[in-house]
Amino acid sequence: MTTLLKHRIAALVGQAAEEAQRQGALPAGPLPEIEVERPQNPEHGDFAVSLPLKLARVARMNPLAIAQRLAPLLPPEEAIAEVKVAAPGFINFTVRQEWLQWQVEAIIKAGEHFGSLARENRERIHIEFVSVNPTGPLHVGHARGAVLGSGLASILAAAGHQVSKEYYINDAGTQMQVFARSLYARYVQALGRSSEMPENGYVGEYVIDLGKELVAEQGDRFAGMGEAEAVEAVREWGLQKMLELIRLDLEAIGVTFDVWFSERSVFESGQYTETMELLRAKGYLAQREGATWFASTMLGEDKDNVLVRSTGEPTYFASDTAYHRGKFLRGFDRCIDIFGADHQGHVPRLKAAMEAVGIDPSRLTVLVNQLVALKQGGDAVRASKRTGNIVTLRELVDEVGPDACRFFFLSRPPESQMEFDLALAKEESADNPVYYVQYAHARIASILRLGQERGLEWSGGDVSLLGDPAELGLIRKMLQLPELVETMAERLEPHHLPRYAQDLATAFHWFYQQCRVVSSEPSERAMTLARLKLVEASRVALARCLELMGMSAPERM
RNA sequence: GCGCUCGUAGCUCAAUUGGAUAGAGCGCAGCCCUGCGGAGGCUGAGGUCGCGGGUUCAAAUCCCGCCGAGCGCACCA
């Protein structure tokens with residue numbers, strides 16, 4: 000992969016600015032970071048730099064005058080055809096047509112790696128998401144975090160980082176215990192006897208089914224034991240069942256993990272004790288009211304948090320602190336967590352805990368995604384696991400399909416409060432942007448098939464014939480993908496990808512409308528070969544886009 | 001009450017993180033097929049960027065205050 004053109008332009012502008020300072024045309028002093036933008040108005044060229052505007056104040060000069068002095072000092076660059084200064088102080092760059100045409104070759108050559116970035120500062124990045132208690136099926140709200148996490152992971156990997164996706168299994172906490180007791184009660188009931196559900200138990204129907212399944216699979220062997228022992232045994236069985244269910248549900252929406260990390264192992268490995276000792280040694284522990292507290296107020300928090308209950312049981316916060324410390328001990332440079340908004344209160348204390356154990360909290364980024372408000376027609380649907388009123392992730396995927404789900408959830412930034420109208424989601428299927436993008440891919444595949452059927456060999460096609468605005472526009476659009484991958488990875492914002500995919504599809508459809516690709520006229524043979532080459536490049540770009548989003552790229556629809 | 005997040009076209013959402021005339025999809029009104037997939041292309045209408053102040057060459061974006069929405073504020077996770 001070569002350096003992105005926008006970086007080369009930034010370097011050129013930097014050199015020009017330094018040269019201007021040497022000549023005294025610009026006052027000496029530190030230069031701000033040079034940002035290269037993509038102007039939205041095509042009349043402003045392909046790239047734009049607003050450095051003169053940013054410099055105007057410190058230099059006490061008219062920004063337009065700065066731009067006019069800078070422009071002639073720019074070193075030559077073969078990819079750039081024209082540099083223009085524009086009011087109130089922009090420097091605009093237009094790329095050379097020959098360079099654009101040659102990129103078609105470069106894209107085909109890059110193939111499935113097109114859009115990937117080579118980088119020197121490759122980071123080891125840990126990304127944890129979903130991590131739902133294994134006490135029930137995933138619901139729609141979880142789908143958003145799941146898609147976001149997996150999409151972000153793909154983008155970070157494409158941006159050249161080493162990424163590990165992890166699911167943290169809360170198999171040690173009180174919720175798991177309540178679940179086990181609920182399951183035990185349903186199991187006993189399935190045997191025809193009476194048994195009381197625990198306080199705040201999991202009353203969802205799936206637990207009843209699970210109880211029956213347990214009877215069918217294991218008979219009444221747990222009924223003979225003492226209750227405590229039976230609950231323990233049933234808990235293990237239930238945990239495995241739920242994990243399997245969760246894993247399959249996630250797979251259905253195209254989400255997989257590299258590591259499934261058990262909360263219990265945090266205790267068994269000694270990492271929990273070690274972390275607590277560390278906190279104690281650093282003076283962050285306080286005994287009060289029979290419990291052990293993390294003195295987060297020492298770090299500017301508005302309240303302390305319980306680590307060990309007066310019953311002696313550690314809280315979720317305690318094991319999570321040890322778990323997160325462990326991530327960094329495993330050698331990750333950065334950790335990214337994706338939380339639902341209902342866990343946002345956990346963020347400040349977790350960061351404070353990292354600081355307390357001697358880890359720079361800025362190495363931990365927590366993305367909080369707002370919950371999905373469900374609607375059925377006009378009415379709000381309340382999704383809650385314990386009350387049993389669930390719209391499951393599985394139901395959603397079955398209804399809408401994994402591609403549409405992924406596209407939809409990826410489209411919006413995490414912090415947006417989105418409404419999901421289930422009735423609308425089904426209805427929309429024909430006019431969905433998802434199909435629009437996939438249709439473009441199918442159309443491309445169809446054209447390439449035709450080319451093959453006609454026995455055309457386009458690898459030697461002459462790209463210099465590609466001069467139609469629609470052709471050049473398509474190439475321009477394709478070239479934005481690597482830039483986009485870079486910004487999305489920097490800002491941790493996957494939501495630009497679906498929009499880009501639509502733009503790319505539009506650019507292709509327009510080209511298709513404007514330019515006949517496969518012609519039977521012998522005189523147009525050279526043009527046919529060149530355009531087939533362009534179509535192949537389009538396939539590369541669009542397929543990569545779909546792959547990054549975790550969507551299928553159909554050959555036919 | 002306090003904290004976090006959000007408020008942009010009729011609807012669902014963008015806006016290159018302070019830049020040039022605020023853009024897409026759906027919906028609405030039109031137009032385009034005797035050759036490669038019409039699940040397509042093109043044009044148009046539609047905006048007090050929640051409201052009010054402030055910061056500066058420049059604000060949807062930053063600051064302050066209101067209004068409204070979601071989520072938190074446990075010895076749950």
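What the first sequence shows, in numbering that gives the first Met the number 0, is residues 0 to 556, in sequence order.
Cβ coordinates follow ideal geometry from the N, Cα and C atoms, glycine included.
The beta carbons of A506 and K476 sit closer together than 8 angstroms. Annotated as proximal: G339 and G144, with beta-carbon spacing under 8 angstroms.
By the Cβ neighbour-count rule, S361 is exposed, with fewer than 16 other Cβ atoms within 10 Å of its own.
Rounded to whole angstroms, the Cβ separation of D336 and E127 is 5 angstroms, and the two are in contact under 8 angstroms. Straight through space, the alpha carbons of G172 and F221 are spaced by roughly 22 angstroms.
Between the alpha carbons of I446 and V517 lies a distance of about 8 angstroms. The beta carbons of A355 and L278 sit closer together than 8 angstroms. For L306, the enclosing beta strand (DSSP E) starts and ends at 304-307.
Closest in alpha carbon position to I33, among E81, L63, P41, I90, is I90. The three-state reading of DSSP puts G339 in strand, counting E and B together. Secondary structure note for S163: its beta strand (DSSP E) is the uninterrupted segment 161-168. DSSP, read as helix, strand or coil, puts I358 in coil. In the DSSP assignment, K211 falls within the alpha helix (DSSP H) that extends over 204-217. The beta carbons of P493 and F406 sit no closer together than 8 angstroms.
With contacts defined as CB atoms closer than 8 angstroms, V162 and L190 fail to qualify as a contacting pair.
Secondary-structure assignment with DSSP links V48 through a beta bridge to V35, I90. With 16 or more other Cβ atoms from the protein chains shown falling within 10 Å of its own Cβ, W457 counts as buried. P87 counts as exposed, since fewer than 16 other beta carbons sit within 10 angstroms of its beta carbon. By the neighbour-count definition (other C-beta atoms within 10 Å, threshold 16), L541 is a buried residue.
Residue burial is scored here from C-beta neighbours: N61 has fewer than 16 other C-beta atoms within 10 angstroms and is therefore classed as exposed. In this structure, the beta-carbon distance from M417 to V367 does not fall below 8 angstroms. A straight line joining the alpha-carbon of L147 with that of Y511 spans about 33 angstroms.
Two segments are said to touch when three or more pairs of C-beta atoms, one from each, lie closer than 8 angstroms; by this definition the segment 93-108 does not touch the segment 66-75.
DSSP, reduced to helix, strand and coil, places S261 within a strand of the structure shown. By alpha-carbon distance to Q451, the top candidate from L528, L116, Y434, D402 is L528. The beta carbon of W259 lies closer than 7 angstroms to those of Y166, I168 in the same chain, with the five residues before and after it left out. In this structure, V484 sits near I154, with a CB-CB distance shorter than 8 angstroms.
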